[in-house]
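Asks:
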Amino acid sequence: MPGSPSGCLTQPGSSPEAAEGESRLPTAVCPALLEKSSAMAENSAVAVAPTAAPTMLEELLEITAQSLVRTEVAEHYEVIRELGRGKYGHVMLVTHRQRGTPMALKLLPKASTKLHTFLYEYCVALSLATHPAIIGMFGIAIESSQYYGFLYEPAMHKDLISIIKPRDGIPEPAAKHCAKQLVSALEFIHSRGLVYRDVKPENVLLFDPECRRIKLTDFGLTRPKGTKLKLVAGVIPYTAPELSNTTDAQGVPIDASMDAWAFGVLLFCLLTGYFPWEQSLPKDPFFEDFMLWQETGLEENLPRHWKRLTAEAALMLRSLLALDPAKRCPVGGALRYVDCPWRQDEGHSEEAAVKP
180 MPGSPSGCLT QPGSSPEAAE GESRLPTAVC PALLEKSSAM AENSAVAVAP TAAPTMLEEL
240 LEITAQSLVR TEVAEHYEVI RELGRGKYGH VMLVTHRQRG TPMALKLLPK ASTKLHTFLY
300 EYCVALSLAT HPAIIGMFGI AIESSQYYGF LYEPAMHKDL ISIIKPRDGI PEPAAKHCAK
360 QLVSALEFIH SRGLVYRDVK PENVLLFDPE CRRIKLTDFG LTRPKGTKLK LVAGVIPYTA
420 PELSNTTDAQ GVPIDASMDA WAFGVLLFCL LTGYFPWEQS LPKDPFFEDF MLWQETGLEE
480 NLPRHWKRLT AEAALMLRSL LALDPAKRCP VGGALRYVDC PWRQDEGHSE EAAVKP
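Under our numbering, the very last position in the sequence shown is 535; numbers go up by exactly one each time.
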């Protein structure tokens, strides 16, 4: 059994577009979040020989490219403040100069962003925006002298990573609110023949402090089911093992089971304040412990940081995190457990969970 973590992290970052290394949670294997996890998530796999996108999405891309509004931001919008900044762009809170409508404006530098990349993210988000747990879009895409940008509804309560307490997580009722809404959003995405591919707390925006209303955002990595992905960088906690361990030079066809894996990791973070492992690879000692428990199902093999969970919550996560993607339950499987307790009673101390 690996050693317990030491030290505690600072409060996670609060921006919906968190900068690389800004948002942190402890992992079971080290006292700090993998500082490059967000960047690695964006770069860890590239699409190889993708299947054809849905016809409607292709048409939307073409129409948007032809109707892209060319203007400077200051002509129509007053910038209030920055909401967040990431590796590839930043988000500003703006108001429409004539109507006073508050909006979030995502800006991507033209110098480092291909037009098709920008249009794809915008059009995928626009095509999914009718769902109540997916960020609403204003249907406005712009091109300025320096940026591509689009406007969406602002989330004034930051993002999910901003409320996760290291070594603690979030209140169980809030975790269940999140779970139910994320299941609905992901099932909607999957029903459109797409795989989200970027389930993580930074991409869940909050519209109230108790998570009664949350919305999924950032669709730059979303791809049609069956698109082949090739791992090109390091493995992060959210990476499904079939992608982490692939030796197929042609890439791995993606499907909804990869979102189920990442969703399971996210739920573990919400309930414990830890990542369950640093990498989904056998060389990671915490993942090795998890593999043993998955294979045996014996309570005596339950990894240390899982012992704060109830048997029902452990079973839920074990199903979402099945090592074989063919046996992994879909995201909707979590709904069978929302009426069950997920954490051991409050008398189960944090110290007892982390000490040898």
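Just so you know, even glycine gets a beta-carbon here, dropped at the ideal spot from N, CA and C.
#1: Roughly how far, in whole angstroms, is the beta-carbon of serine 443 from the beta-carbon of glycine 348, given that I think they are within contact range, below 8 Å?
#2: What distance in whole Å lies between the Cβ atoms of threonine 274 and glutamate 254, which are believed to be in contact at a cut-off of 8 Å?
#3: Less than 8 Å between the beta carbons of methionine 316 and tyrosine 331, yes or no?
#4: Out of Lys506, Asp524, Ile259, Ser498, which one is the CA nearest neighbour of leucine 514?
#5: Just list the alpha helix (DSSP H) runs in the region 362-434, keeping only unbroken ones of 4 residues or longer that don't cross its boundaries, in chain order.
#6: Measure the C-alpha to C-alpha separation of tyrosine 516 and alanine 283 and round it to an integer number of angstroms.
#7: Considering tyrosine 453, what are the terminal residues of the alpha helix (DSSP H) in which it resides?
#8: I need the straight-line Cα distance from proline 416 to serine 436, nearest angstrom please.
#9: Spatial neighbours of leucine 286 within its chain, please: C-beta separation below 7 Å, excluding the five flanking residues on both sides.
#10: Buried or exposed: methionine 495, going by 16 or more other Cβ atoms within 10 Å of its Cβ?
#11: Exposed or buried, glutamine 277, counting other C-beta atoms within 10 Å across all chains shown (16 or more means buried)?
#12: Suppose the cutoff is 6 Å on Cβ atoms and the five residues either side in sequence are ignored; what does the same chain contact list for glutamate 389 look like?
#13: Is any non-hydrogen atom of the ligand FMN found closer than 7 Å to the C-beta of valine 270, if you look at the structure I gave you?
#14: So, with DSSP's three-state summary, where would you put isoleucine 259?
#15: Which residues does DSSP list as the beta-bridge partners of proline 137?
#16: Run through DSSP, which three-state label would glutamate 241 get?
#17: In three-state DSSP terms, what is tyrosine 326?
#18: Identify whether threonine 274 lies in helix, strand or coil by the three-state DSSP scheme.
#19: Suppose you measure from the CA of leucine 477 to the CA of alanine 493; what does that come to, to the nearest Å?
#20: What does the alpha-carbon distance come out to for the pair serine 306 and cysteine 508?
#21: From which residue to which residue does the alpha helix (DSSP H) around histidine 499 run?
#22: Quick check on the burial criterion: 16 or more other C-beta atoms within 10 angstroms. Buried or exposed for lysine 506?
#23: Rounding to the nearest angstrom, what Cα-Cα distance links leucine 449 and tryptophan 521 in this structure?
#24: Buried or exposed: glycine 430, going by 16 or more other Cβ atoms within 10 Å of its Cβ?
#25: Would you call the region 355-374 and the region 399-406 in contact, with 3 or more CB pairs under 8 Å?
#26: Assuming leucine 287 is part of the beta strand (DSSP E), what are its boundary residues?
#27: DSSP three-state call for lysine 462: helix, strand or coil?
#28: Could you pull the DSSP bridge partners for valine 248 from this structure?
#29: For aspartate 387, which residues from the same chain have a beta carbon less than 7 Å from its beta carbon, with the 5 sequence-adjacent residues on both sides left out?
#30: Look up arginine 264 in the DSSP assignment and give the residues it is bridged to.
#31: If we count the other Cβ atoms within 10 Å of its Cβ and call it buried at 16 or more, is cysteine 357 buried or exposed?
#32: Between the Cα of aspartate 524 and those of Lys355, Glu457, Val362, Glu351, spot the shortest distance and give me the residue it belongs to.
#33: At what residues does the alpha helix (DSSP H) containing leucine 307 begin and finish?
Replies: So, from the listed chains and residues:
#1: Looking up residue 443 in the sequence shown gives position 264. Looking up residue 348 in the sequence shown gives position 169. According to the sequence displayed, residue 443 carries glycine and not serine. With 8 Å as the limit, glycine 443 and glycine 348 do not qualify as a contact, their Cβ atoms being about 14 Å apart.
#2: Residue mapping note: residue 254 aligns to position 75 of the sequence shown, counting from 1. Residue mapping note: residue 274 aligns to position 95 of the sequence shown, counting from 1. With 8 Å as the limit, glutamate 254 and threonine 274 do not qualify as a contact, their Cβ atoms being about 13 Å apart.
#3: Taking the first residue of the sequence shown as position 1, residue 316 is located at position 137. Taking the first residue of the sequence shown as position 1, residue 331 is located at position 152. Judged by beta-carbon spacing, tyrosine 331 lies within the 8 Å limit of methionine 316, meaning their Cβ atoms are closer than that value.
#4: The residue labelled residue 514 in the question sits at position 335 within the sequence shown. With distances taken between Cα atoms, leucine 514 lies closest to Ser498.
#5: 420-423, all fully within the region 362-434.
#6: Numbered from 1 along the sequence shown, position 337 holds the residue referred to as residue 516. Numbered from 1 along the sequence shown, position 104 holds the residue referred to as residue 283. Going from the Cα of tyrosine 516 to the Cα of alanine 283 covers about 35 Å.
#7: Counting from 1 along the sequence shown, the entry for residue 453 is found at position 274. For tyrosine 453, there is no enclosing alpha helix (DSSP H), as DSSP marks it with neither H nor E.
#8: Walking along the sequence shown from the start, residue 416 turns up at place 237. Walking along the sequence shown from the start, residue 436 turns up at place 257. Looking at the two C-alpha atoms, the distance is approximately 15 Å.
#9: Taking the first residue of the sequence shown as position 1, residue 286 is located at position 107. Only Gly268, His269, Met271, Tyr326, Gly328 meet the Cβ criterion.
#10: Here residue 495 refers to the residue found at position 316 of the sequence shown. Classification of methionine 495: buried, given that the 10 Å Cβ count is 16 or more.
#11: Here residue 277 corresponds to residue number 98 of the sequence shown, with the count starting at 1. Burial call: exposed.
#12: The sequence position of residue 389 within the sequence shown is 210, counting from 1. Here the set comprises Ala353.
#13: Ligands in the displayed structure: none, and consequently the ligand FMN is not present.
#14: In the sequence shown, residue 259 corresponds to position 80, counting from 1. When secondary structure is reduced to three states using DSSP, isoleucine 259 falls in the strand class.
#15: The requested residue 137 is not part of the displayed model; the chain covers only 180 to 535.
#16: Locating residue 241 in the sequence shown gives position 62, where the first residue counts as 1. Helix.
#17: Position 147 of the sequence shown, counting from 1, holds the residue named residue 326. Residue state for tyrosine 326 is assigned as strand, using DSSP reduced to three classes.
#18: Here the question's residue 274 lines up with position 95 in the sequence shown. Residue state, collapsed to three classes: strand.
#19: Taking the sequence shown and counting its residues from 1, the one referred to as residue 477 is at position 298. Taking the sequence shown and counting its residues from 1, the one referred to as residue 493 is at position 314. The straight-line gap from Cα to Cα measures roughly 12 Å.
#20: Residue mapping note: residue 306 aligns to position 127 of the sequence shown, counting from 1. Residue mapping note: residue 508 aligns to position 329 of the sequence shown, counting from 1. One alpha carbon belongs to serine 306, the other to cysteine 508, and they sit about 26 Å apart.
#21: Counting from one through the sequence shown, the residue named residue 499 turns up at place 320. One point to set straight first is that residue 499 is leucine, not histidine, in the sequence displayed. Leucine 499: member of the alpha helix (DSSP H) spanning 490-499, first to last residue.
#22: Looking up residue 506 in the sequence shown gives position 327. By the neighbour-count criterion, in which a residue is buried when 16 or more other Cβ atoms sit within 10 angstroms of its Cβ, lysine 506 is exposed.
#23: For the purposes of this step, residue 449 is identified with residue 270 of the sequence shown, where counting begins at 1. For the purposes of this step, residue 521 is identified with residue 342 of the sequence shown, where counting begins at 1. About 11 Å.
#24: Taking the sequence shown and counting its residues from 1, one reaches residue 430 at position 251. Classification of glycine 430: buried, given that the 10 Å Cβ count is 16 or more.
#25: With the cut-off at 8 Å, the region 355-374 and the region 399-406 touch.
#26: If you number the sequence shown from 1, residue 287 lands on position 108. It spans 281-288 - the beta strand (DSSP E) in which leucine 287 sits, taken as one unbroken run.
#27: On the sequence shown, residue 462 is found 283 positions in, with the first residue counted as 1. Note: lysine 462 maps to coil in three-state DSSP.
#28: Position 69 of the sequence shown holds residue 248. DSSP lists Ile321 as partners of valine 248.
#29: Along the sequence shown, read from residue 1 onward, the residue named residue 387 stands at position 208. If we look at aspartate 387 and ignore the five residues flanking it on each side, its Cβ neighbours are His336.
#30: On the sequence shown, residue 264 is found 85 positions in, with the first residue counted as 1. Answer is His269, bridged to arginine 264.
#31: One-based indexing of the sequence shown puts residue 357 at position 178. With 16 or more Cβ atoms within 10 Å of its Cβ, cysteine 357 is classed as buried.
#32: In the sequence shown, the residue the question calls residue 524 occupies position 345. Of Lys355, Glu457, Val362, Glu351, the residue nearest in Cα terms is Glu351.
#33: Position 128 of the sequence shown, counted from the start, is the residue given in the question as residue 307. Run containing leucine 307: 294-307, per the alpha helix (DSSP H) assignment.
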